[in-house]
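Q: Sequential numbering from -12 applies to the sequence shown in our numbering. Positions of the beta carbon are idealized from the N, C-alpha and C atoms, including for glycine. In this text, all values refer to a predicted model and were calculated from it rather than measured experimentally. Let me give you the structure first, and then I'll get to my questions.
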Amino acid sequence: MIIRKLEEILDTERDIKAENWNSRRLLLKKDGMGYSVHDTLIHAGTETKIQYKNHREACYCIEGEGEIESLESGEVHALKPGTIYSLDKHDPHLLRAKSEMRLVCVFNPPVVGREVHDENGVYPLLEAD
Ligand code: 9YT
C-alpha cells in the first residue's frame, strides 16, 4: 500500500512547475500502478495548447472554472467542479482557466516524473529514471 500526502511532495522532484500550470505528481510510473495521478493547478487567465499523442488523460475538476476547446471540432465545453474530461482520442485542445483550476489528472501510460510539454503541447514517452 502506498500512502502519500500532497504536503509531502511540494517542492520535491514530484512538483513540476511550468509557465501555465503546476503538476503535483502523487503517483508515477515507478509506483507501479499502471497510471499516474496528478493534483494539477492551472493558473488563472492562461490558455494552454495541448495534445497528448503518447498518453490518454482524464482530468476531474475539483476547484475553479475554465473551458476546454477541441481543436478538431471547435466545440467549447465549460469546466467547473464536478466535471471530468477524458482525452480518449489523443484530442488536440486548448485549455483555458478563468480562475485557478485544480484538476485531478490521470495518465495512461503513467508519467515518469519530469515531463513537460514540448512546443506542440506533447509529453514524450520517457523511460523510468
Ligand atoms: C490539464 C493538463 O494537461 N495540464 C497540464 C499538466 C498535466 N495535467 C500534468 O502533468 O499534470
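Is Cys48 near the ligand 9YT, judged by its Cβ being under 7 Å from some heavy atom?
A: Outside the cutoff, so no.
Q: Do the region 65 to 84 and the region 13 to 22 meet, that is, are 3 or more Cβ pairs less than 8 Å apart?
A: No, they do not touch.
Q: Which partner residues does Val24 have in the DSSP bridge list?
A: Partner(s): Leu14, Val93.
Q: Considering only their Cβ atoms, is the gap separating Arg11 from His25 smaller than 8 Å?
A: Against a cut-off of 8 Å, the Cβ pair of Arg11 and His25 comes out as a contact.
Q: Need the endpoints of the beta strand (DSSP E) that Glu34 sits in, please.
A: It spans 34 to 37 - the beta strand (DSSP E) in which Glu34 sits, taken as one unbroken run.
Q: Please tell me whether, using a cut-off of 7 Å, the distance from the CB of Thr70 to the nearest non-hydrogen atom of the ligand 9YT is below it.
A: No, since every heavy atom of the ligand 9YT falls outside the 7 Å radius drawn around the Cβ of Thr70.
Q: Counting Cβ pairs, one atom from each stretch, are 3 or more of them under 8 Å apart for the region -6 to 2 and the region 40 to 57?
A: No, because fewer than three Cβ pairs between the region -6 to 2 and the region 40 to 57 fall closer than 8 Å, the two stretches do not touch.
Q: Am I right that Asn41 and Tyr110 are in contact with their C-beta atoms under 8 Å? What's the rounded C-beta distance?
A: That belief holds up - the Cβ atoms of Asn41 and Tyr110 are roughly 6 Å apart, short of 8 Å.
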